Amino acid sequence: MRRRQFLILSAASIGGVLVYSLDRKASRIFAQEKSTQTLKIPLRFFTEEEAMIVAAAAARIFPSDDSGPGAKEAGVVIFIDRQLAGPWGRDRYRYAQGPFDENAAREFGYQGKATPRETYREGLKGLKGFDSLSPAEQDKNLQQIEDTHLFALLRQNTIEGMFSDPVHGGNVDMVGWQMVGFPGPRMSNYDEVDKHFGEAFRPKPVSLEQVLHRKVRPSEDEDAGTA
Amino acid sequence: MKTLPSADVVIIGGGWTGLLMAKELSARSPVSIVVLERGRSRIPEYSSGMDELDYFVRMHMMQDPSREAVTIRHHDKERSLPIRQYGAFLPGSGVGGTGEHWGAVFPRLMPDCFALQSKTVERYGAGKLPEDHTMQDWPVTYDEVEPYYARSEREVGVCGKAGNLNGKKIDGGNIFEGWRSSEYPMPPTITPYFSELFRGGAKSLGYHPYNNATAVTSEEYTNPDGISRPACAFCGFCERTPCMINAKAQPTNVLLPIVRQRKTVTLRTNATVKRILHDSTPNGAKARGVTYIDESGEEIFQPADLVVLASYTLGNNHLLLLSGLGTPYDPATGKGTLGKNLTHQVSFGVQAFLEKPLNKFMGAGGTGVRISDFDADVLDHTHLPFIRGGMIGAMSVGTQPLSTFGTTPRSMKLPRWGAAWKKTSIEYFDRTGVIAFSGEQVPHKGNRFDLDPIYKNPLGDPLLRMTMNWQDNERKMAEFMNAKMVEIGHAMGAKEVNPFPGYGDYDVVRYQSTHVQGGTMMAKSPDLGVVNSYQQHWEIHNLFVIGASTFPNSGSSNPTPTILALTYRTADAIVDRYLKKPALLA
């Protein structure tokens, strides 16, 4: 087993930042309150170095700016870390028998051999030091890998981490849902569906666990093996 | 191999067709029935289904490709590759099958779909038939199936408004549909805003919009078996998930409660059927039962007097090919029938960017407004470069963010990530609606199923192989329909409409529909198809193959209503005739 890795962030460096405690509850602390504290977030798959690169890349794909919060506030890197540690990360549900064909036409879908874990681990080696580059340099780096399978996964996983139910570790405090006006799993819209024509109807978002009043076990926890 | 006591009937598959067959046979005959379902029993945890990641993206309800995949190539000269993750179609697994996560869209086939070849020749002459087509008429007509359609609609509880009651055209319904002997069991669902905008746009262009028929409830409904379901709540988690409140008809909420009460029926889950065994007798071949792998990995022989193959299209073809039943189709010689006439309903959309928010999170499966002005042969195709057509519509099934975030107007030429993309994607997230087309794919000589020579499943059996591509007829149809759809989008008030880029090669990634059909087609004689009009195998009379695999061609409509209607017809024939005198049904 590898040494347990943590993502260590200084609260001051990020501003409003998220704390993940071991019981998976995310909460927010603010820079002005605890500006000297560093935060240790337990990682399931990534090394700390990898996590910093992925966090930085996700923040360029989905930046935090005037149009709303981004990958940083939503905790996208934590979402991706958990997905990779779970069955999806190791292709538990993909047909993974050879022969493979890395050069297959797009219409056949991804035909390579590498699992998402392997794609990230290998691909991130080429992005060493990415997190310490300037945003403009980071964008240039990402443009260079835009056609790779790693980038396709990064983009897809970033959107997933922005807008999945918070039970999966991203979309913390439902920041993604609030930003686009998605209310989450509301049990009934019966009284509203024929109203509000042409006007935004924006009920306050609720998460699956809030609706069900119980714990939900997300798929990534089903058989989260060691990396 | 362990041999179990013989059953009168063994049914392979516990989805819509398998459970409906079990229910009908057990209601009207004393036969002992074993239903073998390869997936799990999966009813209790449905409330967790309101999670887009696990259900819509990681596809919690779908077949696991690591256990059961299919390969694809576009034509005979190309090397096949496995579909490693399902995308273009999403077969289900577990009790209820695909019927648990379906979209519940429930229109009948247009009457002339049953006589595609002869109706086309009658109107336009043989010269109009597309090159290398393999169209042939069904051995059953719409008129013969109509009473079974009506029965299916009452059983599953369908809402809609008739447009043709016994030949009388009714405004507001689909005036182009085939005649109906009765009104729908429930009135249409509420029409959400986006679909209402479509109705306005379509009307302004002179078309005939109607509320789509769907198997979700618009009010509390009790079916003839006494099964009650509450009115749909428009939660918007419908397609790709099971229903949280049983408003959407599913095999587990309509059929399973009845089947469970029947002492003559045994349902075994985690039972993966490997082969249908058969003997040669002086009177022809006879199925003697099936072998399956149980949960512990042990191979079991289940003898039976009658075998009903009721898997999805892929499973039906795969098992017949693996079991060596029937003659595989060879396009070079035109001989053989098994695997022939593989079709996949044509489905694509255009994205309309609208001024006002749509509140698209509210919706329900199959809910929306459509037009059939371009369906089937409604349009005169004399001067068009294609035959047949389909329905154009604007469905409001409930929109989640993972599958829709990031769509931007093409004219803005934005990158697919970064600040500008994010800003515009947020702006249009709830202002983008898809106008969708569902159309017919004319069967083609080269499109077929057989066994893959290279790729295998974990049991060591060859995977099923699809040879499949879009042909000129679909490509030209799509081009024509795309223009109509863009026009409707603008009539709805769209600032911009992203058009459909057109069909290239068949793409396994983009979701098309889970309406893969054919391969074990029904025909009027053994040289033309695998089964007769009762879905009885022409060569092995105690084997019935049911489901959309028996369709000679794809309608524009979703296949489930026709699948259920034909299953009722087969069940009646088995109870009323076959069980009394086991022989080929004429």
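Quick note, the sequences are listed as chains A and B, same order. Just so you know, we're using my numbering here: the first sequence kicks off at -5 and counts up by one. Just so you know, we're using my numbering here: the second sequence kicks off at 301 and counts up by one. A virtual CB, placed ideally from N, CA and C, is assigned to each residue, including glycine. Note that the structure is predicted; figures quoted are calculated from it, not measured.
Under a criterion of Cβ atoms nearer than 9 Å, no residue of chain B is adjacent to P160 (chain A); the nearest Cβ is some 11 Å distant. For F729 (chain B), no pairing in a beta bridge is given by DSSP. Of all residues in the region 474 to 495 of chain B, only I490, T491, P492, Y493 place a beta-carbon less than 8 Å from a beta-carbon of chain A. Around Y114 (chain A), no beta-carbon contact reaches into chain B at under 8 Å, the shortest distance being about 17 Å.
Taking R211 (chain A) as reference, the option from B:I333, B:G847, B:P530, B:Y346 with the minimal CA-CA separation is B:Y346. The closest CA to that of P657 (chain B), considering only B:V669, B:F729, B:G634, is found on B:F729.
Around E44 (chain A), the same chain offers L118 as residues with beta carbons nearer than 6 Å, after the five sequence neighbours per side are excluded. Within the model, the alpha-carbon separation for A322 (chain B) versus V797 (chain B) is close to 47 Å. Shortest Cα-Cα distance from Y484 (chain B) to any of B:D630, B:D594, B:G473, B:R748 involves B:G473.
Uninterrupted alpha helix (DSSP H) stretches at least 4 residues long and entirely within the region 605 to 691 of chain B occur at 613 to 622, given in chain order. Listed along chain A, the residues sitting closer than 8 Å to C535 (chain B) by beta-carbon distance are P179, R180, M181, S182, N183.
In the three-state DSSP reduction, K119 (chain A) falls in the helix class (H, G or I).
Counting along the chain, the unbroken alpha helix (DSSP H) around V559 (chain B) starts and ends at 556 to 561. Boundaries for D308 (chain B): no alpha helix (DSSP H) harbours it, while the beta strand (DSSP E) harbouring it runs 307 to 312, taken from the DSSP string.
Look at L304 (chain B) here: in three-state DSSP terms it is coil, with no helix or strand label. Interface flag for F39 (chain A) against chain B is unset, since no Cβ pair is found closer than 8 Å. The residue among B:M792, B:R529, B:T767, B:E740 with its C-alpha nearest the C-alpha of P753 (chain B) is B:T767. The beta carbons of F0 (chain A) and P57 (chain A) sit no closer together than 8 Å. Put simply, the region 666 to 684 of chain B touches the region 508 to 516 of chain B. At least three CB pairs are less than 8 Å apart. If you ignore the 5 residues before and after P407 (chain B), its C-beta comes within less than 6 Å of the C-beta of A513, S857, all in its own chain and listed in chain order. Of all residues in the region 709 to 722 of chain B, only R716, W717, G718, A719, K722 come within less than 8 Å of chain A when Cβ atoms are compared, listed by chain position. Buried is the label assigned to Q741 (chain B), since at least 16 other Cβ atoms lie within 10 Å of its Cβ. Counting only the Cα atoms, P861 (chain B) lies some 27 Å from Q700 (chain B). Scanning its chain for C-beta atoms nearer than 7 Å, with the 5 sequence neighbours on each side dropped, one finds around A720 (chain B) the residues L714, in chain order.
Between N757 (chain B) and L751 (chain B), the gap from beta carbon to beta carbon reaches 8 Å or more. For E446 (chain B), the enclosing alpha helix (DSSP H) starts and ends at 442 to 456. For S623 (chain B), not one C-beta of chain A is nearer than 8 Å to its own C-beta.
With a cut-off of 8 Å on Cβ pairs, the region 443 to 458 of chain B is in contact with the region 400 to 416 of chain B, counting three or more such pairs. By the beta-carbon neighbour count (other beta carbons within 10 angstroms, threshold 16), S596 (chain B) is exposed. Residue environment for P551 (chain B): buried (at least 16 other C-beta atoms within 10 angstroms of its C-beta). Within 10 angstroms of the beta-carbon of Q137 (chain A) lie fewer than 16 other beta-carbons, which makes it exposed.
Think of a sphere of 8 Å around the beta carbon of G387 (chain B): the chain A residues whose beta carbon falls inside it are G103, in chain order.
Contact check for V669 (chain B) against R499 (chain B) passes: the beta carbons are separated by less than 8 Å. When Cβ-Cβ separations below 8 Å define contact, Q(-1) (chain A) makes no contact with chain B. Counting of Cβ neighbours within 10 angstroms places G427 (chain B) among the exposed residues, the total staying below 16. Listed by position along chain B, the residues whose Cβ is nearer than 7 Å to that of M168 (chain A) form an empty set, because the closest Cβ is around 11 Å away.
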